[in-house]
Amino acid sequence: MNEFPTQFGDFPPEYRDPQTAQAVIVPVPYDGTSTWVKGADRGPAAILEASYNLEFYDIETDSEVFRKGIYTDAPLEGLDAPEEVAVAVHKTVGNWLTKGKFPVVLGGEHSVSIGAFRAAADTFKNLTILQLDAHSDLRPSYQGSPCNHACVMARAKELCPIVQVGIRSMDTVEKPQMDRSRVFFAHQIQDRPRQEWIQEVVSLLTDNVYLTIDLDAFDPAVLPATGTPEPGGLDWYDAIELIKAVCARTNLVGVDVVELCPHESHWGSNFFAAKLIYKILTTKFSGTSD
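Using the working numbering, the letters of the sequence shown correspond one by one to residues 1 to 290.
Okay, structure coming up:
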């Protein structure tokens, strides 16, 4: 990629108007605190590029969600410290929420979600943050920063209740921070009927839900291109059926998809992320009128 792609999806310009679009893509190409394989800053551009290869018709819902309008904002670039990123994302996402838009934040590493959490909490009462992730991300601070990627859900807990799904890696320092009654560990749900544990997840949610998806939530056999892969994890339909249940029972107010670490041998992961975003938008808006 020679330059940053300017839009999500190769659909007609009239569906990319920021005034009328119901969804707004916010790319945040930041990778300042990741601790293993670097490259998540290239994730947003890879997702946008892959999105040009989407089929825009959704078979299941008999709909084309791009007709609701999907505007792609300018990428939030040139930010150094994760605290600075949090402030910038907070301001940008908050601005779109006040205009009644549905924000989709593209990471970048998971620390970019902190500002989006704060914007959602500012805008919506009775909010829950639902996390799909391999890692619990509950460290109070890490490597000198409370806004490190390993601290994301510790910051979320300061704002509202959280529910965690797919967790299979954590440090002992995180144990006191965790409410295990609100955690669905990967090893506990792998052999359970999918709809059974999904209904338990949804029963813990409040009226408004913000969804944060770290792509390492998925089994690396399904999505290998992430900086911190963990064996085991969710598959496509685990996530899609959960998202459908969330949208059916609650008001999904925003989402982020983070931690894609593009690799030339795993271009399917880029498309997976783009398709996931489009499917989330389809599920969110399939029951609404134009």
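We treat Cβ as the ideally placed atom computed from N, Cα and C, and that holds for glycine.
Look at the alpha carbon of residue i and the alpha carbon of residue j, and state the distance between them as a whole number of angstroms.
{"i": "Thr-228", "j": "Ile-277", "result": "21 Å"}
{"i": "Asp-238", "j": "Ala-186", "result": "11 Å"}
{"i": "Gly-108", "j": "Arg-16", "result": "23 Å"}
{"i": "Met-1", "j": "Asn-208", "result": "Because the pLDDT at Met-1 is just 45, under 50, the model does not fix this residue reliably, and the point stays unresolved."}
{"i": "Thr-35", "j": "Asp-62", "result": "42 Å"}
{"i": "Lys-38", "j": "Val-173", "result": "24 Å"}
{"i": "Arg-192", "j": "Glu-3", "result": "45 Å"}
{"i": "Val-89", "j": "Ala-274", "result": "20 Å"}
State the start and end residues of the unbroken alpha helix (DSSP H) segment that holds residue i.
{"i": "Leu-281", "result": "267-285"}
For residue i versus residue j, is the C-beta spacing smaller than 8 Å?
{"i": "Gln-164", "j": "Asp-133", "result": "yes"}
{"i": "Val-104", "j": "Val-26", "result": "yes"}
{"i": "Lys-244", "j": "Thr-212", "result": "no"}
{"i": "Phe-102", "j": "Ala-23", "result": "yes"}
{"i": "Ile-70", "j": "Gly-9", "result": "yes"}
{"i": "Thr-98", "j": "Pro-161", "result": "no"}
{"i": "Val-246", "j": "Leu-130", "result": "yes"}
{"i": "Glu-49", "j": "Pro-13", "result": "no"}
{"i": "Phe-272", "j": "Asn-53", "result": "no"}
{"i": "Met-153", "j": "Ser-141", "result": "no"}
{"i": "Ala-225", "j": "His-266", "result": "yes"}
{"i": "Glu-230", "j": "Ser-169", "result": "yes"}
Starting from residue i, trace the beta strand (DSSP E) both ways and give me its first and last residue.
{"i": "Ile-167", "result": "162-167"}
{"i": "Tyr-71", "result": "70-72"}
{"i": "Ala-23", "result": "23-28"}
{"i": "Gly-254", "result": "251-258"}
{"i": "Val-209", "result": "208-214"}
Going by alpha carbons, who is nearest to residue i out of the options?
{"i": "Val-183", "options": "Phe-271, Leu-79, Gly-166, Cys-151", "result": "Gly-166"}
{"i": "Asn-251", "options": "Pro-29, Thr-128, Leu-76", "result": "Thr-128"}
Query raised in the report: Three or more beta-carbon pairs under 8 Å between the stretch 89-99 and the stretch 38-45, yes or no?
Result: Contact between the stretch 89-99 and the stretch 38-45 is absent, with fewer than three C-beta pairs closer than 8 Å.
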